[in-house]
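Q:
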Amino acid sequence: MSRDGVSPAERAPAERGRRRVSVLGATGSVGQSTLNLIARGSNNFEVVALTANSNAKKLAELAIASRARLAVVGEAGCYRELKQELSGTGIRCAAGPEALIEAAAEPADCVMAAIMGAHRTGEGSQVPVCCRSLCRC
Numbered sequence: 179m180s181r182d183g184v185s186p187a188e189r190a191p192a193e194r195g196r197r198r199v200s201v202l203g204a205t206g207s208v209g210q211s212t213l214n215l216i217a218r219g220s221n222n223f224e225v226v227a228l229t230a231n232s233n234a235k236k237l238a239e240l241a242i243a244s245r246a247r248l249a250v251v252g253e254a255g256c257y258r259e260l261k262q263e264l265s266g267t268g269i270r271c272a273a274g275p276e277a278l279i280e281a282a283a284e285p286a287d288c289v290m291a292a293i294m295g296a297h298r299t300g301e302g303s304q305v306p307v308c309c310r311s312l313c314r315c
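Per the numbering used here, the very first residue in the sequence shown carries number 179; after that it's consecutive.
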């Protein structure tokens, strides 16, 4: 581990010129546009994680096409469909609010938060969420 807490294995793809990218809200229009741009420069990017709220089938399609390492659906009830769609691909999958948080925390050079609306916290208050890129490039 280096002083910044990033292991050499986690840093390696970026040092080879490839940027590690996660897309939160991959099935929406902004998320799909982001993935289209990534596909055009596929030699320059590695897709770490993709998330969606409930569209497990579309999320699986995008994960397979982008060779994502992880696909997470927010609605826990959609997990079975996501797992079935990704069966045999080697792409890890998960579901539920905790899994979304873990996906967002995966080591990446850039996180596109292509999500809109508000997220209800455990205390009952709402935290506004907007579409933005959180790049550390």
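By construction, the Cβ of each residue, glycine as well, lies at the ideal position given by its N, Cα and C atoms.
Do Ala291 and Ile269 have their C-beta atoms closer together than 8 Å?
A: Taking 8 Å as the Cβ cut-off, Ala291 and Ile269 do not qualify as a contacting pair.
Q: Tell me, which residues are paired with Val250 by DSSP?
A: DSSP lists Thr229, Ala272 as partners of Val250.
Q: Is it buried or exposed for Ser200, if we count other Cβ within 10 angstroms and need 16 for buried?
A: Buried is the call here.
Q: Determine the direct distance from the alpha carbon of Gly195 to that of Ser265, and round the result to whole angstroms.
A: Rounded to the nearest angstrom, the two C-alpha atoms are 30 Å apart.
Q: Let me check one thing: in DSSP terms, what residues is Glu224 bridge-paired to?
A: Answer by DSSP bridge pairing, in chain order: Arg198.
Q: Please look up how many angstroms separate the CB atoms of Ala243 and Leu260, rounded, as I've assumed it's under 8 Å.
A: About 15 Å separates the two Cβ atoms, so there is no contact after all.
Q: Grab me the residues of Ala238's own chain with a C-beta within less than 7 Å of its C-beta, minus the 5 sequence neighbours each way, in chain order.
A: Ala249, Leu260, Glu263, Leu264.
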